[in-house]
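Report on one structure; see the data block that follows.
Numbering (my numbering), first residue to last: 3 to 247.
The following block contains the structure:
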C-alpha cells in the first residue's frame with residue numbers, strides 16, 4: 003500500500019464555468035483523522051464531490067493508494083476501498099433500514115450480505131431494532147448513524163464525512179464522534195469536513211486543513227487551532243470559536 007492513502011494535487015473545480023477550488027493540495031496518511039474546516043461556502047463539500055468523481059475536475063489530480071482516480075468512475079470507488087457520507091441525501095428515505103444497508107452490497111452472496119448486516123447491527127445497536135422501519139421515520143441522529151453504517155458495510159479503508167454532526171443536539175454529536183472514533187480504531191482512515199462545533203470535534207483529529215474561498219492552507223495540528231484564539235476567530239468566527247452550533 004502507498005504511504006499516502008489520498009493525495010490531491012493542484013485540484014481545480016467549479017460549477018458551470020464558475021471556479022470554486024483553486025489549486026488544492028492535500029494528503030491523508032494511513033490511520034489519520036484529517037479535518038477540513040472553513041466557513042460555509044468555502045468549497046469544502048465541492049472538494050469532496052470532486053475527489054469522489056461526482057463533480058468533474060477542471061485541473062489537477064487525485065490518487066487513492068497510488069491509483070489515479072480519473073481512471074475510475076464514481077460508482078467504482080467503493081470497490082477500490084473508498085467510502086463517502088455526503089452532508090445531505092445520505093439515506094434512501096423510502097427504503098427500510100435493512101434495505102439502506104444492503105443497497106451497497108447488490109450482487110453479493112446472500113450469506114455474505116446477512117453476515118455484514120449482522121456485524122453492523124452489533125456495531126450500531128440503535129439500528130438493530132429498526133431494521134424494518136423506513137429511514138424517513140428515523141430521527142436526524144439516527145439517519146446520520148444509518149448513513150455511517152451504510153458506508154461502513156462495504157469495509158472501506160478510507161472514509162470521507164461531510165459535516166456528519168451538523169444540526170444535531172450536543173448529546174447526539176458526542177454519540178456520532180464516538181462512532182467516528184470506533185471507525186478509526188477499526189483501521190479506517192478518515193477525512194472529516196467540520197463546520198459546526200469545531201471545538202468539540204477537532205480534539206479528535208490529527209491534522210487540520212483550513213479552506214477559505216476555495217483555497218486550502220497548509221495543514222496544522224488540531225492543538226495549534228485549539229490553543230490559539232486568533233486562529234479560532236480567523237477560521238470559525240466568534241460564534242464558532244465559542245463552540246456553538
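Idealized CB from N, CA, C, for every residue including glycine.
query                                                                                                                                  : result
Contacts around residue 247, its chain only, beta-carbon distance under 7 Å, and the 5 residues preceding and following it disregarded : Its pLDDT being 34, under 50, residue 247 is placed unreliably in this model, and the value from its coordinates should be taken loosely. If we look at residue 247 and ignore the five residues flanking it on each side, its Cβ neighbours are 198, 199.
Run of the alpha helix (DSSP H) containing residue 147, from where it starts to where it stops                                         : 142 to 154
Own chain partners of residue 115 with C-beta closer than 7 Å, once the 5 adjacent residues on each side are dropped                   : 104, 107
Residue 14, DSSP secondary structure in three states                                                                                   : strand
Bounding residues of the beta strand (DSSP E) (the contiguous stretch that carries residue 92)                                         : Element bounds for residue 92: n/a, residue is neither H nor E.
Residue 123 to residue 151 span [Cα, whole Å]                                                                                          : 9 Å
Continuous alpha helix (DSSP H) assignments of at least 4 residues falling wholly in the stretch 161 to 242                            : 172 to 187, 200 to 203, 224 to 229
When 120, 181, 5, 144 are compared against residue 92, the one with the closest alpha-carbon                                           : 144
N- and C-terminal bounds of the alpha helix (DSSP H) containing residue 250                                                            : Any question about residue 250 goes unanswered here, given that the chain covers just 3 to 247.
Alpha-carbon to alpha-carbon, residue 179 and residue 2                                                                                : A question about residue 2 goes unanswered here, because the residues of the chain that appear run from 3 up to 247.
Under the three-state DSSP convention, the category residue 102 falls into                                                             : helix
Rounded C-alpha distance that separates residue 245 from residue 110                                                                   : The pLDDT assigned to residue 245 is 42, lower than 50, so where the model puts this residue is not dependable, and the model offers no usable value.
For residue 23, the residue or residues it bridges with in DSSP                                                                        : 15
Cβ pair residue 63, residue 164 closer than 8 Å                                                                                        : no
In DSSP terms, what residue 65 is bridged to                                                                                           : 9, 70
Residues of its chain near residue 137, where Cβ-Cβ distance is below 7 Å and the 5 sequence neighbours each way are ignored           : 93, 94, 95, 97, 99, 102, 145, 148
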